[in-house]
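Peer 1:
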Amino acid sequence: MQTMTPWKQRKKVAKRQKLFRIGLAAVPFFFGVFVGLWWNDTPSTVQQHTYDLMRAQFDLTHAKVALDKASKIANIRQNIEAVLFQILDVNSKQSTRVEGAEKNRNKNTREKAKRALELRWASELAPLQDQLTQLEQTLSELENREPRNVDLLGPPVAGGRK
Numbered sequence: 446m447q448t449m450t451p452w453k454q455r456k457k458v459a460k461r462q463k464l465f466r467i468g469l470a471a472v473p474f475f476f477g478v479f480v481g482l483w484w485n486d487t488p489s490t491v492q493q494h495t496y497d498l499m500r501a502q503f504d505l506t507h508a509k510v511a512l513d514k515a516s517k518i519a520n521i522r523q524n525i526e527a528v529l530f531q532i533l534d535v536n537s538k539q540s541t542r543v544e545g546a547e548k549n550r551n552k553n554t555r556e557k558a559k560r561a562l563e564l565r566w567a568s569e570l571a572p573l574q575d576q577l578t579q580l581e582q583t584l585s586e587l588e589n590r591e592p593r594n595v596d597l598l599g600p601p602v603a604g605g606r607k
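Heads up: the sequence shown begins at 446 in our numbering, then just goes up one per residue.
1. Just the Cα atoms here: how many angstroms apart are Asp-575 and Glu-591?
2. Would you mind giving the Cβ-Cβ distance between Ile-521 and Leu-577, rounded to the nearest angstrom? I have them listed as a contact below 8 Å.
3. Quick test of the definition: if touching needs 3 or more C-beta pairs under 8 Å, does the stretch 559-574 touch the stretch 499-514?
4. Would you report the Cα separation of Met-528 and Ala-519, rounded to the nearest angstrom?
5. Residue range of the alpha helix (DSSP H) that Ser-585 falls in?
6. Assuming contact is defined by CB atoms lying nearer than 9 Å, are Glu-569 and Val-535 in contact in what I supplied?
7. Please list the segments of the alpha helix (DSSP H) lying wholly inside the stretch 483-551, counting only runs of 4 or more residues, in order along the chain.
8. Excluding the five sequence neighbours on either side, which residues of its own chain have a C-beta within less than 8 Å of the C-beta of Arg-593, listed in chain order?
9. Below 8 Å on the Cβ atoms is my guess for Lys-559 versus Ala-571; work out the distance and round it to an integer in Å.
So this is what it looks like as structure tokens:
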């Protein structure tokens with residue numbers, strides 16, 4: 446067996462010590478890196494609860510906006526229905542007036558009465574038609590669609606529509 450000289454032995458010991466020091470430095474470093482990565486990878490409980498609260502707040506706000514929109518749509522639809530009933534009421538009153546004017550025997554008086562009734566019809570119907578158009582425009586914006594064109598009845602004539 447060969448014996449080592451003290452010089453060779455010192456070199457080997459120095460090499461081992463160097464590797465040992467590098468190992469002692471590298472192992473804690475890599476351990477720290479892995480623990481840090483793992484620690485940052487798992488979300489903390491506080492962060493998770495904060496995220497859950499923010500998401501719930503967003504969902505509640507979204508639901509509130511949808512509920513408000515549905516409420517506005519229902520209210521506008523009721524207003525449209527009321528305006529349409531007013532228009533039908535004006536039409537029925539006008540038709541009874543026209544029938545009364547037709548019963549007049551004097552032709553001159555009958556024509557004057559018809560013209561007066563047509564002017565009255567136009568003055569009563571125009572605001573209702575404007576209101577109906579405005580309500581339909583608002584409703585179409587809320588429902589994200591094109592507004593419908595509403596053609597209303599003409600003035601009633603005696604003996605039915607022509």
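Just so you know, even glycine gets a beta-carbon here, dropped at the ideal spot from N, CA and C.
Peer 2: Well, looking at it:
1. In a straight line, the C-alpha of Asp-575 is about 17 Å away from that of Glu-591.
2. Between Leu-577 and Ile-521 the Cβ distance is about 11 Å, and since that is not below 8 Å, they are no contact.
3. Contact between the stretch 559-574 and the stretch 499-514 is absent, because fewer than three Cβ pairs lie under 8 Å.
4. Per the sequence presented here, residue 528 reads as Val, with Met not at that position. If I take the Cα positions, the gap works out to 14 Å.
5. Looking at the DSSP string, the run of the alpha helix (DSSP H) that includes Ser-585 is 552-587.
6. Their beta carbons are under 9 Å apart, which means Glu-569 touches Val-535 by this criterion.
7. Within the stretch 483-551, the complete alpha helix (DSSP H) runs of at least 4 residues are 490-547.
8. Closer than 8 Å at the Cβ level, and outside the excluded window around Arg-593, lie Glu-581 and Ser-585.
9. That pair is no contact at about 19 Å.
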